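For the sequence shown, my numbering begins at 4 and goes up steadily by one.
We put the beta carbon where it would ideally sit given N, CA and C, even for glycine.
The structure displayed is predicted, hence computed values, not measured ones.
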Amino acid sequence: MSIYDMLSQDQQTQPVCGITVGVVTDIKDPDKKNRVKVRLINRTDSTQETDFIRVMSPAVGKQFGLFALPEVGDEVLVGFLDGDYAAPYVLGCLWNTKNPAPVSVQDGKNEVRMWKSKTGHRLELNDGQDAPGITLFTAKETHLVIDDKAQTAELADKDKKNSVVIDIGGGTVTVEAKSKLTLKCGKASIELNGSSGEISIKTSGSIKIDGQQVDVSGKSAVNVKASGQLNLEASGPANLKGAIVKVN
């Protein structure tokens, strides 16, 4: 039974001033309109419960906006449309000792804004001088950190064994992988294997290396092999040296 059903005829038409607090009891809206049921906790009759009522949001539109529905057990602030006790709606949520905020003001400095889910995903905006920037964390601490002070942007796992670091001031990008790093573009790929130490370059087209000077060296051996024709050409002198030189 809803609180509206419990009111007398006179009470149903009598305007109500002010707002009240309540606790969310149900979020399974049968009409799938993202409404909630609320038990009003400052009434003498603690069984007074609303029907499914709408929840206010700071931004709404057709298939867009900010969506953050309160959970069962959350304390909420309830208002009444035009003072009508039969037309309540949720104005917002309230933290309390049972459900404290995920962050607190330090030394009177209100520098951190945070959006955190119940499983631990969080978005943090820090305006502090010591660590200004934006951080995005998953519950397992995979993170994206944009640090305005250090002028860096880092995407990494919890232990930073796999990461991409952009040094904005230094103009460098460092990519690190624990076991293997693969770069792909169309039919071309470069693979760096951290376990074996091998580097593999593959493409269905041609590979070109161009420089003022190109050095190729191997600690034990260098192998050059062509399935078809092999051409070695120099516009100047061509030197072939070895302890033993074999041709064919």
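In the DSSP assignment, the beta strand (DSSP E) including residue i goes from what residue to what residue?
| i | result |
| --- | --- |
| Glu127 | 125–129 |
| Asn242 | Segment: none, Asn242 is in no beta strand (DSSP E) and carries neither H nor E. |
| Trp118 | 115–119 |
| Asn196 | 191–196 |
| Lys211 | Element bounds for Lys211: n/a, residue is neither H nor E. |
| Val148 | 146–150 |
| Lys187 | 183–188 |
| Ile169 | 166–170 |
| Val27 | 23–29 |
| Glu179 | 175–179 |
Taking DSSP as the reference, what is the three-state secondary structure of residue i?
| i | result |
| --- | --- |
| Leu84 | helix |
| Asp54 | coil |
| Ala159 | strand |
| Arg42 | strand |
| Gln15 | The pLDDT assigned to Gln15 is 48, lower than 50, so where the model puts this residue is not dependable, and the model offers no usable value. |
| Ile204 | strand |
| Asp112 | Rather than Asp, the amino acid found at residue 112 in this sequence is Lys. Residue state, collapsed to three classes: strand. |
| Val227 | coil |
| Ala237 | coil |
| Pro135 | coil |
| Thr100 | coil |
| Asn221 | Asn is not the amino acid found at residue 221; the sequence shown has Gly there. Residue state, collapsed to three classes: coil. |
| Gly76 | coil |
| Val93 | strand |
| Phe70 | coil |
| Val63 | strand |
Is residue i buried or exposed, if buried means 16 or more other CB atoms sit within 10 Å of its CB?
| i | result |
| --- | --- |
| Gly25 | buried |
| Thr53 | buried |
| Pro61 | exposed |
| Asp77 | buried |
| Gln51 | buried |
| Thr16 | Caution is warranted here: a pLDDT of 49 is assigned to Thr16, below 50, making its placement in the model unreliable, and no coordinate value can be reported. |
| Val27 | buried |
| Val41 | buried |
| Asn234 | exposed |
| Arg37 | The question names Arg, but residue 37 is Asn in the sequence shown. It is exposed - the Cβ of Asn37 has fewer than 16 other Cβ atoms within 10 Å. |
| Val250 | exposed |
| Val248 | exposed |
Between the Cα of residue i and those of the options, spot the shortest distance and give me the residue it belongs to.
| i | options | result |
| --- | --- | --- |
| Met117 | Ala104, Gln109, Ile171, Ser60 | Ala104 |
| Val106 | Val93, Phe67, Ser120, Leu94 | Ser120 |
| Ile202 | Leu184, Leu243, Ala191 | Leu184 |
| Asp34 | Val41, Thr28, Arg57 | Arg57 |
| Ile137 | Gly123, His124, Ala156, Thr122 | Ala156 |
| Ala71 | Val39, Thr177, Asn102 | Val39 |
| Ala90 | Leu97, Cys96, Val81, Trp98 | Val81 |
| Ser166 | Gly172, His146, Thr175, Gly173 | His146 |
| Gln216 | Asp110, Ser207, Ala237, Thr122 | Ala237 |
| Ile30 | Leu69, Glu74, Ile212 | Glu74 |
| Thr141 | Gln154, Glu179, Asp160, Asp85 | Asp160 |
| Thr206 | Lys190, Ser199, Gly200 | Lys190 |
| Gly172 | Ala153, Gln232, Glu179 | Ala153 |
| Asp85 | Ile22, Thr100, Gln109 | Ile22 |
Under 6 Å Cβ to Cβ from residue i, same chain only, skipping five residues before and after it: list those, please.
| i | result |
| --- | --- |
| Lys228 | none |
| Gly131 | Glu114 |
| Leu195 | Leu184, Ile202 |
| Gly95 | Leu80 |
Within a Cβ cutoff of 8 Å, which residues of the same chain sit near residue i, ignoring the five residues on either side of it in sequence?
| i | result |
| --- | --- |
| Asp150 | Ala134, Pro135, Gly136, Ala156, Glu157 |
| Val219 | Val225 |
Excluding sequence positions up to five away, which residues of its chain have a Cβ less than 7 Å from the Cβ of residue i?
| i | result |
| --- | --- |
| Leu186 | Ser192, Ile193 |
| Lys163 | none |
| Ile44 | Val24, Gly25, Val26 |
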